[in-house]
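Undergrad: Before anything else, here's the structure in question.
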Amino acid sequence: MQNLDFSVVMPYTGLLMTGLWWTIVMFVSSSILSLAFGIVFALVVLHAPAALALPVRFLTWLLMGTPLLLQLYLIYYGLVQIGIDIPALGAGIIGLSLHFAVYNADVFRAGILSVDPGQIEGARSIGLSRGQAQRYVVVPQALRKTIAPVGNNLIVLLKDTSLVSIIGIAELVYSAQLAISETYTPFEFYLTVAGIYYAANLVLEAGLQFLENKVEMSR
711 MQNLDFSVVM PYTGLLMTGL WWTIVMFVSS SILSLAFGIV FALVVLHAPA ALALPVRFLT
771 WLLMGTPLLL QLYLIYYGLV QIGIDIPALG AGIIGLSLHF AVYNADVFRA GILSVDPGQI
831 EGARSIGLSR GQAQRYVVVP QALRKTIAPV GNNLIVLLKD TSLVSIIGIA ELVYSAQLAI
891 SETYTPFEFY LTVAGIYYAA NLVLEAGLQF LENKVEMSR
């Protein structure tokens, strides 16, 4: 049995750090977009006319019912056939953002429904429009209630950024594969990448816990 030799990883530290950088870029971009779209989708499903709500419901059904890997293939390779050529980075961000937006929307929708209707009536009684009541009263309260489940979605998103390696984005896993193709030492590099993901998850969990504690203290 051959012993593991992690010294082979050291010359490729720069490559792995570059991959980590692109992983972070994709995670941050996709997180922001998935949260924004999630709020919009939730409000559309709850309050928009059927002509707008039904397409969002269909999109939710479609994205929840198919694998993210397949969605990335369709966005990057499939859309080219109908004349829509999206760069790999853009395709990865779009795929991750839409996939997690529908899950966040489901969480936000439950959070919005949990807000006491009397809050809306009170906001309307002081002159706020329905839209202003949603924006200033309902949505902020719903966001406070959904930090934990949305945080779980973000943790999954961070790990699923590894899937964009299949469309050629040089994130962390893809960078490790490049190094492995030169060194033929997959175990050392995959264990190193696993450790980096684990550390990133710990940082993200700590940040989410800090945010949740701050929100609890501000109530």
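Its first residue numbered 711, the sequence shown is counted upward by one per residue in the numbering used here. All C-beta atoms in this analysis are idealised placements derived from N, C-alpha and C, irrespective of residue type, glycine included. Given the structure is predicted, the values throughout are model-derived calculations rather than measurements.
#1: Over the uninterrupted alpha helix (DSSP H) stretch that includes Y786, give me the two end residues.
#2: So for T776, helix, strand or coil by DSSP?
#3: Between the Cα of L882 and those of D715, L918, S717, Y722, spot the shortest distance and give me the residue it belongs to.
#4: Roughly how many angstroms lie between the CA atoms of G821 and H757, to the nearest whole one?
#5: Less than 8 Å between the CB atoms is what I'm expecting for S707 and I803, so what's the real figure, rounded?
#6: Flag this pair as yes or no: are the beta carbons of A811 and I877 separated by less than 8 Å?
#7: Please classify S741 as buried or exposed, where buried requires at least 16 neighbouring CB atoms within 10 angstroms.
#8: Starting from the Cα of V874, find the closest Cα among Y787, S891, V860 and give me that residue.
#9: Between the Cα of K869 and the Cα atoms of G724, G841, T733, which residue gives the shortest distance?
#10: Decide yes or no for the touch test of the segment 773-792 against the segment 835-853: beta carbon pairs closer than 8 Å, at least 3 of them.
#11: Within 10 Å of its beta-carbon, does M720 have 16 or more other beta-carbons around it, so buried, or fewer, so exposed?
#12: Buried or exposed for M711, please, with buried defined as at least 16 other CB atoms from any protein chain shown within 10 angstroms of its CB.
#13: For the alpha helix (DSSP H) containing G837, name the first residue and the last one.
#14: With A833 and V847 assumed to form a contact (beta carbons below 8 Å), what rounded beta-carbon distance in angstroms separates them?
#15: Classify M736: buried if its beta carbon has 16 or more other beta carbons within 10 angstroms, exposed otherwise.
#16: Quick one: any contact between the segment 760-774 and the segment 805-819, if contact means 3 or more CB pairs under 8 Å?
TA: For this structure:
#1: The sequence position of residue 786 within the sequence shown is 76, counting from 1. Premise fails: Y786 is in no alpha helix (DSSP H) and is neither H nor E.
#2: Translated into the one-based positions of the sequence shown, residue 776 becomes position 66. For T776, the three-state secondary structure derived from DSSP is coil.
#3: If you number the sequence shown from 1, residue 882 lands on position 172. Scanning D715, L918, S717, Y722 for the CA closest to the CA of L882 turns up Y722.
#4: Along the sequence shown, read from residue 1 onward, the residue named residue 821 stands at position 111. Along the sequence shown, read from residue 1 onward, the residue named residue 757 stands at position 47. Cα to Cα, G821 sits roughly 14 Å from H757.
#5: With the chain covering only 711 through 929, there is no way to say anything about residue 707.
#6: As a first step, residue 811 is located in the sequence shown; it is residue number 101 there, counting from the start. As a first step, residue 877 is located in the sequence shown; it is residue number 167 there, counting from the start. With respect to the 8 Å criterion, A811 and I877 are not classified as neighbours on the basis of their beta carbons.
#7: Here residue 741 is taken as the residue at index 31 of the sequence shown, counted from 1. Burial call: buried.
#8: Position 164 of the sequence shown, counting from 1, holds the residue named residue 874. Looking only at Y787, S891, V860, the smallest Cα-Cα distance to V874 is reached by Y787.
#9: Along the sequence shown, one-based indexing puts residue 869 at 159. For the residues G724, G841, T733, the minimum Cα distance to K869 belongs to T733.
#10: No, the segment 773-792 does not touch the segment 835-853.
#11: Here the question's residue 720 lines up with position 10 in the sequence shown. Per the 10 Å Cβ criterion, exposed.
#12: The count along the sequence shown starts at 1 and reaches residue 711 at position 1. Note on M711: pLDDT 45, under 50, position unreliable in the model; the coordinate value appears next. Within 10 angstroms of the beta-carbon of M711 lie fewer than 16 other beta-carbons, which makes it exposed.
#13: Position 127 of the sequence shown, counting from 1, holds the residue named residue 837. Premise fails: G837 is in no alpha helix (DSSP H) and is neither H nor E.
#14: Within the sequence shown, numbered from 1, the residue matching residue 833 stands at position 123. Within the sequence shown, numbered from 1, the residue matching residue 847 stands at position 137. Indeed, because the Cβ distance is near 5 Å, the residues count as touching under 8 Å.
#15: Along the sequence shown, one-based indexing puts residue 736 at 26. So M736 counts as buried.
#16: The segment 760-774, when compared against the segment 805-819, does touch it at the 8 Å Cβ threshold.
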